[in-house]
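Mapped onto numbering that gives the first Met the number 0, the consecutive letters of the sequence shown carry residue numbers 0 to 303.
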Amino acid sequence: MDYAIEAENLTKIYSKSKKALNSVNLKVPKGRIFCLIGRNGAGKTTFLRIVGTQLEPTSGRAVVLGHDVVTEPDKIRPRISVVPQEAKVWNFLTPWDYVYYYARLRGISAGEARETCVEALKKLDLYEDRNKLCLQLSGGMKQRVLVSMAIVSGAELLLLDEPSIGLDPISRRQLWSYIRRIVKAGHTIVLTTHYMDEAEALADNVAIIHEGEILSVVDINQILEGNGSSMILEVNGNDVSWVSAYGGEQVIGGKAKIKLDEDEKIMLEIMVKAREKGCRVTFRRPTLEDYFIRLVGGIELESS
Ligand SMILES: Nc1ncnc2c1ncn2[C@@H]1O[C@H](COP(=O)(O)OP(=O)(O)O)[C@@H](O)[C@H]1O
Ligand SMILES: [Mg+2]
């Protein structure tokens, strides 16, 4: 398989006391959406900044599009685009200004820049509003201006650091559909988020990072199809202790979770038992959040 990013024992220490990245090994396949998920401070931005050649690792190695980030950053930079976490558009420029001048800065000729600019703005549904001041745009549109800048350069690899932060639920979904469209056009996207629904909606592959370490790299479909359990039963009631007989666990007062394969006999048995105990049962599919909480929450609980 062809990889856009290959990280080997990648480590970053900002100060002596703490490793922001601790021996990270990660491979990002080309032409996919790869989500790096983790809590605040997990190391997501540090990873993207190293891969984006803005920050050097303390040790280990990262190869991006076949080139080493430390020895050959100049070979990487023309082929990637970054939307940093803190990026904001300035109110007194227009989407056209942003995207056109960015294309020119990336070395694209004036004629070609006009063409790619129209294309990028249309892809992100900003063409009609291209001459409005950013001041007049919604938060979702402003974020789309940043993403259209990232694609106008024709970069093969886009690094988006928490692109939907601060957006309302509808704007987030719109942004997701644009991101999916970009990938179909052949780009590779690495996106960081701490929103599980965002990773579920977008990712082909997900890496969970916690305190600088990669805890797991998974195919999202594997998680959503169950990863060992294809159904989750949530039980509510005064006495839920009986769930342990079915491998269930109590979550918080009066609530319990049972993971099951789709076994009708057992399900029926649980329903009967729940009724006897005066409990209510709801069925749902497993989510990435279940998986994340189990992995990261488990560690947090152990250390607290
Ligand atoms: N420039 C910096 N100097 C010192 N420590 C930093 C710096 N940037 C990040 N850190 C620390 O590194 C860790 C990882 O941060 P970061 O990569 O920003 O995480 P995330 O993006 O997942 O929230 C955190 O403990 C953070 O406080
Ligand atoms: Mg961050």
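Cβ atoms here follow ideal geometry from the backbone N, Cα and C, with glycine treated the same way.
| Query | Result |
| --- | --- |
| Which residues end up in the neighbourhood of ligand 1 when you take C-beta atoms closer than 5 angstroms to any of its heavy atoms? | Tyr13, Ala19, Asn39, Gly40, Ala41, Gly42, Lys43, Thr44 and Thr45 |
| For serine 58, tell me which candidate among Arg279, Asn204 and Ser22 has the shortest Cα-Cα distance. | Ser22 |
| Quick check: the region 36-45 against the region 197-212, are there 3 or more CB pairs under 8 angstroms? | yes |
| What are the complete beta strand (DSSP E) segments, minimum 3 residues, inside the region 191-219? | 204-209 and 212-218 |
| Could you have a look at serine 137 and say whether DSSP puts it in helix, strand or coil? | coil |
| Buried or exposed, going by whether 16 or more other CB atoms sit within 10 Å of the CB of serine 16? | exposed |
| Give the C-beta separation of leucine 132 and asparagine 90 to the nearest angstrom, bearing in mind that I take them to be a contact with Cβ-Cβ under 8 angstroms. | 6 angstroms |
| Is serine 147 near leucine 174, with beta carbons less than 8 angstroms apart? | no |
| Could you have a look at valine 68 and say whether DSSP puts it in helix, strand or coil? | coil |
| So the candidates are Phe291, Gly296, Ala255 and Glu210; which of them puts its Cα closest to the Cα of phenylalanine 282? | Ala255 |
| Can you tell which of Thr187, His209 and Asp262 has the C-alpha that lies nearest to the C-alpha of lysine 29? | Thr187 |
| Who are the near neighbours of glycine 185 in its chain, counting only those whose CB is closer than 7 angstroms to its CB and skipping five residues on each side? | Gly30 |
| Taking the alpha-carbon positions, what's the tyrosine 290 to glutamate 212 distance? | 16 angstroms |
| Taking Cβ positions, are leucine 136 and aspartate 128 nearer each other than 8 angstroms? | yes |
| Compare the Cα-Cα distances from aspartate 1 to each of Asn8, Lys26, Ala19 and Val242 and report the closest residue. | Lys26 |
| Should glutamate 197 be counted as a contact of ligand 2 given a C-beta to heavy atom distance under 7 angstroms? | no |
| Does ligand 2 have a heavy atom nearer than 7 angstroms to the CB of glutamine 84? | yes |
| Could you tell me if lysine 87 is buried or exposed, where buried requires 16 or more neighbouring beta carbons within 10 angstroms of its beta carbon? | exposed |
| Any beta carbon of chain D sitting closer than 8 angstroms to that of isoleucine 49? | Here chain D cannot be found, since the structure has a single protein chain. |
| Which partner residues of cysteine 278 appear in the DSSP bridge assignment? | Paired residues: none, contrary to the question. |
| Which one of Ser163, Tyr177 and Ala206 has the shortest CA to CA distance from arginine 171? | Ser163 |
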